[in-house]
Structure formats: C-alpha cells, structure tokens
Ligand code: MN
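Numbering (my numbering), first residue to last: 1328 to 1459.
See the structure below:
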C-alpha cells in the first residue's frame, strides 16, 4: 500500500455514507491528511449540511437509505450549490454508473472500499496548490 505524504490542512470535507465502517475508514484517512471532516449518514442530512456550510469537497455514497446519492447531488446542483467538488463513492465501477454520476452533477468517482492512495489522488487532482 502506498504511503500517504500529502497534507491538505485547509480543506473542509463532507463524507456522506451510511455504513459505519466506511465512515470511520474514510474519515481517518482524510484527517490523517489534515482535512477537517464532517459526516452525514443519509441524504436528507447531507442536503441540509451542504446548504448550511460551503464544503470544499463532498464524498458521496450512492446507496443511502431514503434519498440516494444521485438525488442529493441533483438537488444541490439544481439549487445552484456549485461549490463543492462532488466525488461519488461507488460499489461498482460500471460505465453506466459513471455516466449516471456525471449526469447527476458529480465531478468524479472512486470505488469502494475507499483506499488512502485513491483519496490522496483525488485531493491532489482538485486541490493542486495545497502542500504535498
Ligand atoms: Mn451506502
């Protein structure tokens, strides 16, 4: 496993994930890189949090109880909440799913289970001016 060397101390990130283990793993890795991390456990909570605070990036699980990830993102983009980069956390990386993510207004996707190297690459891609 690749060692994480990047630091992103200025980033505020929202993780939307209903699985406790995935929440903890993703949060630990992001905090290790210095990010400030908030958690939402379902779509409704995610929507509310994203309306109230301007996160830099949202990691969005697609399968959530109630409102799913696609729907949350569609709502946010329709409301013109453009700021956060939104990255889907997908269980499958089928082409149809990727297409659906982009159509819903997501910027990118990574597959679950989330790994440190992948999270680091995403942050480096969208926030290249942070300290690496
Ligand atoms: Mn889920």
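Here a beta-carbon is modelled for each residue, glycine too, at the ideal position from N, C-alpha and C.
It should be emphasised that the depicted structure is a prediction, and the values quoted were computed from it without experimental measurement.
Closest by C-alpha distance to residue i, when choosing among the options
| i | options | result |
| --- | --- | --- |
| residue 1403 | 1424, 1381, 1362, 1357 | 1381 |
| residue 1430 | 1397, 1342, 1364 | 1397 |
| residue 1339 | 1349, 1394, 1351, 1366 | 1366 |
| residue 1364 | 1335, 1416, 1456 | 1335 |
| residue 1416 | 1410, 1399, 1390 | 1390 |
| residue 1341 | 1370, 1432, 1451 | 1370 |
| residue 1455 | 1428, 1376, 1337, 1427 | 1337 |
Residue j beta carbon less than 7 Å from that of residue i
| i | j | result |
| --- | --- | --- |
| residue 1449 | residue 1434 | no |
| residue 1343 | residue 1387 | yes |
| residue 1418 | residue 1399 | no |
| residue 1385 | residue 1443 | no |
| residue 1383 | residue 1368 | no |
| residue 1332 | residue 1441 | no |
Nonlocal neighbours in the same chain, by C-beta distance under 6 Å from residue i, ignoring five residues either side
| i | result |
| --- | --- |
| residue 1445 | 1437 |
| residue 1453 | 1412 |
Cross-strand partners of residue i (DSSP beta bridge)
| i | result |
| --- | --- |
| residue 1463 | This structure leaves residue 1463 out entirely; the chain is present only between 1328 and 1459. |
| residue 1446 | In the DSSP output, where bridge partners are listed per residue, residue 1446 has none listed. |
| residue 1388 | 1416 |
| residue 1333 | According to DSSP, residue 1333 bridges with nothing at all. |
Residues of its chain near residue i, where Cβ-Cβ distance is below 7 Å and the 5 sequence neighbours each way are ignored
| i | result |
| --- | --- |
| residue 1358 | 1364 |
| residue 1424 | 1417 |
| residue 1392 | 1345, 1369 |
Cβ-based neighbour list, residue i, same chain, cut-off 8 Å, excluding 5 preceding and 5 following
| i | result |
| --- | --- |
| residue 1406 | 1378 |
| residue 1432 | 1400, 1401, 1403, 1404, 1413 |
Every unbroken beta strand (DSSP E) inside the stretch 1390 to 1435 [3 residues or more]: 1412 to 1417, all fully within the stretch 1390 to 1435.
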